[in-house]
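Residue numbers (UniProt numbering), protein chains in the order written: chain A, 1 to 342; chain B, 1 to 342. We treat Cβ as the ideally placed atom computed from N, Cα and C, and that holds for glycine. Structure, as structure tokens:
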DNA sequence: AAACGAACCGAAAAGGCTTTCAGAGACGCT
DNA sequence: AGCGTCTCTGAAAGCCTTTTCGGTTCGTTT
């Protein structure tokens with residue numbers, strides 16, 4: 001039943017086309033299509049049919065001009081490459097897409113100038129709000145208070161506490177990770193993690209330490225900061241085993257580190273998880289499921305962060321402003337690399 | 001020098017605000033700011049200063065309504081999760097961002113219904129064009145010929161040859177991969193790759209076979225199709241070594257497979273690259289640089305694909321329509337896992 | 001029969017911008 | 001002085017939709 005001649009490449013139908021075809025005025029056509037009550041049912045039907053025949057889609061641009069709200073938001077990422085931005089972005093896109101909001105994507109490539117440029121461009125397009133997604137949890141410069149639209153920061157909080165930021169709770173993440181290891185009966189727990197220049201690394205270590213203290217324990221040695229790489233995981237494990245051969249769990253700052261740790265443990269003849277339990281961080285599927293055994297990991301619920309940011313922005317557009325840093329809980333995803341001591 | 005009272009949260013300045021402040025009409029103000037020639041230099045200067053004082057940014061929505069072109073495009077991905085979409089998206093965003101085009105991001109989550117919904121929404125916003133990004137290189141259903149704006153398909157080509165699609169040249173990729181191994185003096189080359197349901201897997205195998213044939217050689221055994229996982233890489237390697245212990249190179253269908261291959265090779269006492277050279281596919285940094293040794297891999301130049309798609313769309317909006325499937329060359333990134341036989 | 005609501009419809013304005021066209025000065029020429 | 005020519009400027013139309021408000025038609029009430 002293909003239509004012989006669709007509307008095709010000519011100008012899309014406008015409301016006045018519909019009105020003409022239905023034999024009413026544009027005003028009536030508008031009311032009919034928008035469910036306004038001052039239209040006779042029969043007339044409304046005629047208009048709807050006309051609209052369908054012309055496959056009329058109301059021009060959101062015109063609508064936006066009139067309403068003062070465009071139904072668009074800007075999503076400003078600092079680097080798409082980083083794998084943390086993507087899930088957040090997905091969550092936000094998802095939360096908005098369900099409504100009638102469209103998302104402009106802008107990647108600043110970590111450059112402040114480019115970021116400014118994008119902000120200007122987005123404001124020129126009269127977005128109703130902005131979400132700023134960072135690639136690390138360290139605070140970042142605020143876009144300022146003088147913007148004409150609300151802004152929500154996701155993952156990387158703003159350094160201005162008047163702004164609203166949504167971040168994962170990395171201290172809590174450290175706690176629940178250790179809690180899981182304790183629940184598995186482990187007591188000699190080491191922590192190998194990434195670059196100490198990252199707040200995430202320091203906070204996770206802090207949380208881990210606090211959970212251990214609550215149980216009357218301490219970490220085996222100090223937290224071993226280094227790099228977010230497999231290489232560091234391997235190197236640190238070698239040292240760890242030399243110093244503390246009796247360790248029975250290693251909490252790692254990332255899944256990459258964890259893979260390095262597991263490799264060296266196996267090479268040195270330690271069984272995972274029987275002798276040593278290993279936990280990662282980030283719950284990055286490629287790494288967790290490919291490792292032997294599959295890796296227990298902490299998931300930061302980044303999609304959730306994205307959705308929460310979208311939701312917060314939505315309510316802020318509605319007028320309800322919040323501020324401060326709100327942190328969302330993380331969760332432990334249990335796989336084969338951790339198990340109770342038998 | 002902070003301004004005491006910025007434009008802040010009040011309505012952004014409009015052109016008529018600027019005109020009033022400069023003491024001219026909106027028409028003149030418009031011409032002055034847009035570089036039209038029919039304005040005295042002195043008047044223009046006055047207008048520009050007024051615009052600056054009010055930090056005036058022209059309303060792109062109004063401009064779009066008038067011009068009939070909005071300076072926006074829709075970027076329709078089928079799944080953001082997949083790692084192939086991201087670089088393409090970055091490339092496209094980059095190519096457009098440099099100009100004055102803004103990108104609407106929509107993720108269909110692999111659902112045709114949702115895709116349709118997004119297309120409708122985007123057309124309602126009067127995007128000037130559409131880029132459809134797929135997650136595998138197998139052809140996908142066309143959006144149809146009746147759309148009012150040009151469409152370019154990236155990575156996953158349309159099944160309608162009247163559409164324009166930009167894809168990586170996977171056959172060529174298989175060729176250059178084998179060429180590199182041949183250049184390293186390898187002659188007993190095996191191919192372990194992923195799911196044969198993927199066109200990419202079949203095409204790469206085809207290209208590899210062709211390059212070998214050109215050299216008067218054949219693969220060691222047949223291409224070993226399986227899954228895109230480390231696990232399959234390990235399993236296939238075990239079988240391969242049993243059947244052909246003299247193999248001197250393994251071309252893998254993905255970096256994940258390659259990591260599995262390398263692991264088993266090492267465990268069985270084969271040195272990489274001295275005894276066996278190993279190549280991956282996709283050039284996925286996390287995997288290539290973390291493996292021991294770092295992995296030589298074929299990069300599909302996906303950012304390039306994204307940029308090319310953006311560029312093609314741009315010219316199509318300008319009126320120059322192309323059609324068919326255009327494939328872009330891949331490149332070999334050489335790291336430690338391949339080296340000349342000494 | 002006159003008046004009154006209710007129900008329905010359409011003209012017009014608004015939103016911010018660009019462009020066209022006509023008008024206003026300024027200037028030089030005959 | 002009168003005329004044509006430039007150079008600037010501004011009024012107004014147009015883009016597409018929504019909303020307000022005034023007008024018309026009916027049926028109902030006194």
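query: Please confirm if residue 50 of chain B has its CB atom under 7 Å from at least one CB of chain A.; result: no
query: Helix, strand or coil for residue 249 of chain A, going by three-state DSSP, please let me know.; result: strand
query: Using the Cα positions of residue 2 of chain A and residue 55 of chain A, report the straight-line distance between them to the nearest angstrom.; result: Legend: pLDDT at residue 2 of chain A = 36, less than 50; position of this residue unreliable, no value from coordinates given.
query: What span of residues does the beta strand (DSSP E) with residue 81 of chain A cover, start to end?; result: Note, residue 81 of chain A: premise wrong, no beta strand (DSSP E); not H, not E.
query: Pull out every residue of the region 107-124 of chain B whose Cβ sits closer than 9 Å to any Cβ of chain A, in chain order.; result: 107, 109, 114, 117, 118, 120, 121, 122, 123, 124
query: When the Cβ atoms of the region 275-291 of chain B are set against those of the region 247-258 of chain B, are three or more pairs found closer than 8 Å?; result: yes
query: Contact check, residue 305 of chain A vs residue 154 of chain A under 8 Å by CB: the rounded distance?; result: 6 Å
query: Could you tell me which whole beta strand (DSSP E) segments of length 3 or greater appear in the region 101-179 of chain A?; result: 102-107, 129-133, 151-154, 164-168
query: By the DSSP assignment, the alpha helix (DSSP H) with residue 65 of chain B in it spans what residues?; result: 60-67
query: Report, in whole angstroms, the separation of the C-beta atoms of residue 313 of chain A and residue 73 of chain A, which I expect to be a contact under 8 Å.; result: 6 Å
query: Does the Cβ of residue 91 of chain B have 16 or more other Cβ atoms within 10 Å, making it buried, or fewer, making it exposed?; result: buried
query: List the whole-angstrom C-beta distance separating residue 75 of chain A from residue 105 of chain A, where the pair is believed to meet the contact cut-off of C-beta under 8 Å.; result: 5 Å
query: For the alpha helix (DSSP H) that residue 189 of chain A lies in, which residues bound it at each end?; result: Run containing residue 189 of chain A: none in the alpha helix (DSSP H); it sits in the beta strand (DSSP E), 189-192.
query: Check the Cβ of residue 80 of chain B against every Cβ in chain A and list those closer than 8 Å, keeping chain order.; result: 86, 89, 90, 93
query: Measure the C-alpha to C-alpha separation of residue 261 of chain B and residue 236 of chain B and round it to an integer number of angstroms.; result: 8 Å
query: Is there contact here, the region 326-341 of chain A with the region 173-180 of chain A, by at least three beta-carbon pairs under 8 Å?; result: yes
query: Comparing the CB of residue 134 of chain B with every heavy atom of the ligand ZN, is any distance shorter than 6 Å?; result: Because no ligand of any kind appears in the structure shown, any question about the ligand ZN cannot be addressed here.
query: Mind listing the chain A neighbours of residue 229 of chain B? Cutoff is C-beta to C-beta under 7 Å, in chain order.; result: 290
query: Tell me which residue opens and which closes the beta strand (DSSP E) that residue 326 of chain A is part of.; result: 324-328
query: If you run the structure through DSSP and keep just helix, strand and coil, what is residue 278 of chain A?; result: strand
query: Could you name the residues of the same chain whose beta carbon sits closer than 7 Å to that of residue 315 of chain A, not counting the 5 residues immediately before and after it, in chain order?; result: none
query: Comparing the C-beta of residue 376 of chain A with each C-beta of chain B, is any distance below 7 Å?; result: The displayed coordinates of chain A run from 1 to 342. Any statement about residue 376 of chain A would go beyond what the structure contains.
query: Does the region 17-36 of chain A come within contact of the region 33-43 of chain B, defined as at least 3 CB pairs closer than 8 Å?; result: no
query: Could you tell me whether the Cβ of residue 69 of chain A comes closer than 7 Å to any Cβ of chain B?; result: no
query: Quick one: is residue 396 of chain B near chain A, going by C-beta distance under 7 Å?; result: No answer is possible for residue 396 of chain B: the residues shown for chain B start at 1 and end at 342.
query: What did DSSP end up calling residue 13 of chain B once you bin it into helix, strand or coil?; result: coil
query: Short check: CB of residue 134 of chain A to CB of residue 78 of chain A, under 7 Å?; result: yes
query: May I have the straight-line CA-CA distance separating residue 246 of chain B from residue 271 of chain B, to the nearest angstrom?; result: 13 Å
query: Okay, do the region 160-168 of chain B and the region 219-239 of chain B touch, 3+ Cβ pairs below 8 Å being the bar?; result: no
query: Please list the terminal residues of the continuous beta strand (DSSP E) segment that includes residue 264 of chain B.; result: From DSSP, residue 264 of chain B is part of no beta strand (DSSP E) but of the alpha helix (DSSP H) over 255-267.
query: Mind pulling the chain B residues with CB within less than 8 Å of residue 105 of chain A?; result: 75, 89, 93, 103, 104, 105
query: Write down the C-beta distance between residue 244 of chain A and residue 190 of chain A rounded to the nearest angstrom, noting that I regard them as a contact closer than 8 Å.; result: 7 Å
query: Please report the residue range of the alpha helix (DSSP H) in which residue 331 of chain A lies.; result: From DSSP, residue 331 of chain A is part of no alpha helix (DSSP H) but of the beta strand (DSSP E) over 331-333.
query: Check the DSSP bridge columns for residue 73 of chain A and list the partner residues they point to.; result: A:103, A:129
query: Are the C-beta atoms of residue 65 of chain A and some chain B residue less than 7 Å apart?; result: yes
query: Take residue 193 of chain B as the anchor and find which of B:187, B:88, B:219 has the nearest alpha-carbon.; result: B:219
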